[in-house]
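Novice:
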Amino acid sequence: MVLPPHPPLKGEVSVGPSGSSRLQAPRNFPTGGSVALCRVWERGVCPFKRLAQEGRRLSRAVSSLVIREPKTHLRVAVQPHPLSRVEPRSIRLAHQPARRPAAAAEISPRRAGIPGRGMMLLPLVALLLFLPGCPGLPFYNGFYYGNVMNDRGYSNGNGPGEGLFNGVKLVVETPEEALFSHRGANVTLPCHYHYEPALGSPRPVRVKWWKLGEGGEPERDVLVAIGLRHRSFGEFRGRVHLQQENGRDVSLVIRDLRLRDYGRYRCEVIDGLEDESGVVDLELRGVVFPYQPRLGRYQLNFHEAQRACEGQDAAVASFEQLFRAWEEGLDWCNAGWLLDGTVQYPITQPRQPCGGHGTAPGVRSYGQRHRSRHRYDVFCFSAAQRGRVYYLEHPEKLTLAEAEAACLEDGARIAKVGQLFSAWRFQGLDRCDTGWLDDGSARYPVTRPRPNCGSTDPGVRSFGFPDPESRSF
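In the UniProt record's numbering, the protein residues as written are 1 to 473.
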């Protein structure tokens with residue numbers, strides 16, 4: 001929400017802690033407060049590099065944080081910033097005592113000497129964390145930044161203040177081309193940094209990796225690190241670490257790649273008040289296939305489409321993946337959901353039911369659709385895998401339940417649709433005999449078209465969803 005600019009505010013704001021929040025000892029912080037305060041909406045590790053950055057403009061620099069009366073009161077002095085006339089609505093101060101939940105107090109700036117009302121300001125949220133024996137050191141997602149600042153307000157061995165000076169520039173380098181890998185593999189996302197001009201001695205930096213959101217999905221934290229200490233998060237916990245082959249190599253190593261790991265990753269390096277970042281694109285080698293459930297054509301809203309793909313060892317395809325599949329020859333006249341919430345379909349051979357004869361080949365788009373109300377098919381993406389899909393020979397034809405039991409007896413599981421497409425694409429699976437799949441459909445893969453195997457084009461043929469009790473295959 002954008003609020004009208006407010007006249008410059010000078011003076012002090014005061015707040016008393018609420019509840020059981022207690023400050024342990026006096027402590028001073030230097031101008032800028034990059035260690036003391038963090039913009040928590042800015043990916044966690046957030047020095048105050050600029051007060052007008054990435055569209056989130058701030059107008060106040062916190063010039064100092066002084067505990068006026070230990071254990072009872074805080075004084076926060078604010079000053080105008082020339083880059084913006086927008087002001088923070090409030091500052092949130094929090095205390096994290098050992099073995100107890102955090103207690104917090106929210107304050108609003110006011111003019112010096114005028115008690116009472118907070119002013120209409122643009123929201124600013126910051127965390128100040130006081131740790132037992134080491135007050136004032138903040139953390140992000142439980143990762144503590146210890147030994148970042150000494151009692152005199154100096155950073156570790158870098159002299160007064162934390163930022164670079166005398167025209168030194170921090171540069172982060174990442175590859176421009178996308179990296180390709182496959183599910184189950186290990187991959188390294190390159191990221192290096194240096195200074196221009198070069199510095200003679202190393203400087204301590206903080207590093208953060210996170211995965212950018214796509215198709216309405218939120219960003220996902222991957223790893224934060226200071227020196228040799230690091231912490232990973234969520235689905236990446238225990239699977240990622242920094243390569244650190246040299247002092248300025250902060251490349252990310254991901255082990256055992258999963259289907260959801262593909263996408264864009266940002267590498268951020270923070271040196272005091274300076275931070276720079278770069279983006280790495282990671283693509284998985286895979287195959288896009290159209291999918292519709294047993295109920296038939298156009299039965300899935302977006303959320304049901306997501307679950308349908310996941311149930312078949314796949315994920316909803318992105319536009320980039322569908323476009324690449326179209327370039328490779330995918331032609332399908334039924335519209336399906338994509339990851340960004342649009343509905344599209346690929347046409348390589350224009351024809352009357354698919355946009356008309358006079359239209360050019362391409363990916364047709366219906367644009368954004370309501371994710372709950374509208375219903376279509378879905379385009380799924382399945383990546384290459386470690387396992388093997390094979391046709392189980394059996395002396396008799398089987399029902400769906402009997403086919404599932406036969407696979408278990410053979411030490412395997414009945415294949416999912418995504419696994420069959422992946423085996424057709426990457427293992428060259430070619431079989432003219434139809435077989436049951438996990439979703440109750442019956443299909444067979446053809447890599448070498450021949451007269452008795454349907455179409456003249458390679459692909460996975462489908463017999464739809466036969467009666468699961470029939471012994472047809």
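Note that beta-carbon positions come from the ideal geometry of N, C-alpha and C, so glycine has one too.
If I measure Cβ to Cβ from Ala403 and keep anything under 7 Å in the same chain, skipping five residues before and after, which residues do I get?
Specialist: Taking the sequence shown and counting its residues from 1, the one referred to as residue 403 is at position 403. The residues are Ile414 and Trp436.
Novice: Inspect the beta-carbon positions of Val205 and Asp249 and report whether they are closer than 8 Å.
Specialist: What you label residue 205 is simply residue 205 of the sequence shown in a count that begins at 1. What you label residue 249 is simply residue 249 of the sequence shown in a count that begins at 1. Not in contact: Val205 and Asp249 (Cβ atoms no closer than 8 Å).
Novice: Roughly how many angstroms lie between the CA atoms of Ala406 and Leu392, to the nearest whole one?
Specialist: Mapped onto the sequence shown, residue 406 falls at position 406. Mapped onto the sequence shown, residue 392 falls at position 392. So the alpha carbons of these two residues sit roughly 8 Å apart.
Novice: Roughly how many whole angstroms lie between the Cα atoms of Asn301 and Arg369?
Specialist: Residue mapping note: residue 301 aligns to position 301 of the sequence shown, counting from 1. Residue mapping note: residue 369 aligns to position 369 of the sequence shown, counting from 1. Using only the alpha carbons, I get a separation of about 9 Å.
Novice: Can you tell me whether Ser382 sits near the ligand NAP, meaning its C-beta is under 7 Å from at least one heavy atom of the ligand?
Specialist: Ligands in the displayed structure: none, and consequently the ligand NAP is not present.
Novice: Does the Cβ of Gln352 have 16 or more other Cβ atoms within 10 Å, making it buried, or fewer, making it exposed?
Specialist: One-based indexing of the sequence shown puts residue 352 at position 352. It counts as exposed.
Novice: For the alpha helix (DSSP H) that contains Phe302, what are its first and last residues?
Specialist: Position 302 of the sequence shown, counting from 1, holds the residue named residue 302. Element bounds for Phe302: Phe302 to Gly311.
Novice: Based on DSSP bridge pairs, tell me the residues matched to Lys208.
Specialist: For the purposes of this step, residue 208 is taken as the residue at position 208 of the sequence shown. DSSP, once it has assigned bridges, lists Val224 and Glu268 as partnering Lys208.
Novice: Is it the case that the Cβ atoms of Leu284 and Arg183 are separated by a distance below 8 Å?
Specialist: Position 284 of the sequence shown, counting from 1, holds the residue named residue 284. Position 183 of the sequence shown, counting from 1, holds the residue named residue 183. Their beta carbons are under 8 Å apart, which means Leu284 touches Arg183 by this criterion.
Novice: With DSSP collapsed to three states, give me the class of Asp438.
Specialist: Taking the first residue of the sequence shown as 1, we reach residue 438 at position 438. Asp438 falls in the coil class under three-state DSSP.
Novice: Kindly list the residues whose CB is nearer than 8 Å to the CB of Leu330, restricted to its own chain and excluding five residues on each side of it in sequence; keep chain order.
Specialist: Taking the sequence shown and counting its residues from 1, the one referred to as residue 330 is at position 330. Hits under 8 Å: Val288, Leu322, Pro346 and Thr348.
Novice: Rounding to the nearest angstrom, what Cα-Cα distance links Gly356 and Asn334 in this structure?
Specialist: For the purposes of this step, residue 356 is identified with residue 356 of the sequence shown, where counting begins at 1. For the purposes of this step, residue 334 is identified with residue 334 of the sequence shown, where counting begins at 1. Going from the Cα of Gly356 to the Cα of Asn334 covers about 14 Å.
Novice: Going by other Cβ atoms of all chains shown within 10 Å of its Cβ, with 16 needed for buried, is Pro175 buried or exposed?
Specialist: In the sequence shown, residue 175 corresponds to position 175, counting from 1. Counting Cβ neighbours within 10 Å, Pro175 comes out exposed, since fewer than 16 surround it.
Novice: Over the uninterrupted beta strand (DSSP E) stretch that includes Phe180, give me the two end residues.
Specialist: In the sequence shown, residue 180 corresponds to position 180, counting from 1. Leu179 to Ser181 is the span of the beta strand (DSSP E), which, as asked, contains Phe180.
Novice: Going by DSSP, what residue range makes up the alpha helix (DSSP H) through Leu189?
Specialist: Counting from 1 along the sequence shown, the entry for residue 189 is found at position 189. From DSSP, Leu189 is part of no alpha helix (DSSP H) but of the beta strand (DSSP E) over Val187 to Leu189.
Novice: Going by DSSP in three states, Ala383 sits in which element: helix, strand or coil?
Specialist: Sequence index remark: in the sequence shown, residue 383 carries index 383 (1-based). Strand, per DSSP.
Novice: Using beta-carbon positions only, say whether Gly336 and Arg371 come within less than 8 Å of one another.
Specialist: Numbered from 1 along the sequence shown, position 336 holds the residue referred to as residue 336. Numbered from 1 along the sequence shown, position 371 holds the residue referred to as residue 371. Contact: no.
Novice: Output the boundary residues of the alpha helix (DSSP H) element that contains Leu392.
Specialist: Residue mapping note: residue 392 aligns to position 392 of the sequence shown, counting from 1. Premise fails: Leu392 is in no alpha helix (DSSP H) and is neither H nor E.
Novice: Relative to the C-alpha of Gly440, which candidate in Cys453, Phe426 and Ser462 has its C-alpha closest?
Specialist: As a position in the sequence shown, residue 440 is number 440, starting the count at 1. The shortest C-alpha separation from Gly440 is found at Ser462.
Novice: Roughly how many whole angstroms lie between the Cα atoms of Ala225 and Val168?
Specialist: Counting from one through the sequence shown, the residue named residue 225 turns up at place 225. Counting from one through the sequence shown, the residue named residue 168 turns up at place 168. Approximately 23 Å, taken between the alpha carbons.
Novice: Using a 10 Å radius around the Cβ and a threshold of 16 neighbouring Cβ atoms, would you call Arg229 buried or exposed?
Specialist: In the sequence shown, residue 229 corresponds to position 229, counting from 1. When all chains shown are included, Arg229 counts as exposed.
Novice: For a quick check, are the C-beta atoms of Asp430 and Arg448 less than 8 Å apart?
Specialist: Working through the sequence shown from its first residue, we reach residue 430 at position 430. Working through the sequence shown from its first residue, we reach residue 448 at position 448. Contact flag set, yes.
Novice: So the candidates are Tyr195, Val269, Val343 and Val207; which of them puts its Cα closest to the Cα of Tyr298?
Specialist: Here the question's residue 298 lines up with position 298 in the sequence shown. It is Val343.
Novice: Helix, strand or coil for Ser251, going by three-state DSSP, please let me know.
Specialist: Residue mapping note: residue 251 aligns to position 251 of the sequence shown, counting from 1. The answer is coil: DSSP assigns Ser251 none of H, G, I, E or B.
Novice: Between the segment 415–428 and the segment 392–401, do at least 3 Cβ pairs fall closer than 8 Å?
Specialist: Verdict: no, contact absent.
Novice: Am I right that Gly311 and Ser422 are in contact with their C-beta atoms under 8 Å? What's the rounded C-beta distance?
Specialist: If you number the sequence shown from 1, residue 311 lands on position 311. If you number the sequence shown from 1, residue 422 lands on position 422. Actually they do not touch by this definition, with Cβ atoms about 15 Å apart.
Novice: If you draw a straight line from the C-alpha of Arg364 to the C-alpha of Gly411, how long is it?
Specialist: Position 364 of the sequence shown, counted from the first residue, corresponds to residue 364. Position 411 of the sequence shown, counted from the first residue, corresponds to residue 411. Cα-Cα distance, rounded: 43 Å.
Novice: Output the distance between the C-alpha atoms of Gln243 and Val187, rounded to the nearest integer angstrom.
Specialist: Taking the sequence shown and counting its residues from 1, the one referred to as residue 243 is at position 243. Taking the sequence shown and counting its residues from 1, the one referred to as residue 187 is at position 187. Taking the straight line joining both Cα atoms gives about 11 Å.
Novice: Could you work out which residue in Phe233, Pro290, His303 and Ser470 is closest to Gly216 when comparing CA atoms only?
Specialist: Along the sequence shown, read from residue 1 onward, the residue named residue 216 stands at position 216. It is His303.
Novice: Would you tell me roughly how many angstroms separate the C-alpha atoms of Glu196 and Thr456, rounded to the nearest one?
Specialist: Counting from one through the sequence shown, the residue named residue 196 turns up at place 196. Counting from one through the sequence shown, the residue named residue 456 turns up at place 456. One C-alpha to the other measures close to 60 Å.
Novice: Taking the alpha helix (DSSP H) that Arg229 belongs to, which residues open and close that run?
Specialist: The count along the sequence shown starts at 1 and reaches residue 229 at position 229. Counting along the chain, Arg229 falls outside any alpha helix (DSSP H), though it belongs to the beta strand (DSSP E) covering Arg229 to Ser232.
Novice: Take Tyr193 as the anchor and find which of Glu177, Pro445 and Glu276 has the nearest alpha-carbon.
Specialist: Here residue 193 refers to the residue found at position 193 when the sequence shown is read from its first residue. Out of Glu177, Pro445 and Glu276, Glu276 has the C-alpha closest to the C-alpha of Tyr193.
Novice: Sort Gly358, Lys208 and Phe381 by Cα distance to Cys191 and report the nearest one.
Specialist: Within the sequence shown, the letter at position 191 stands for residue 191. It is Lys208 whose Cα lies nearest to the Cα of Cys191.
Novice: Around the Cβ of Leu398, are there at least 16 other Cβ atoms within 10 angstroms (buried) or fewer (exposed)?
Specialist: On the sequence shown, residue 398 is found 398 positions in, with the first residue counted as 1. So Leu398 counts as buried.
Novice: Answer with yes or no whether the minimum CB distance from Arg266 to chain B is below 8 Å.
Specialist: Absent here is chain B; the protein component of the structure consists of one chain.
Novice: Just verifying my parser: in three-state terms, what is the DSSP assignment at Glu176?
Specialist: Numbered from its first residue, the sequence shown carries residue 176 at position 176. Coil at Glu176, not helix or strand.
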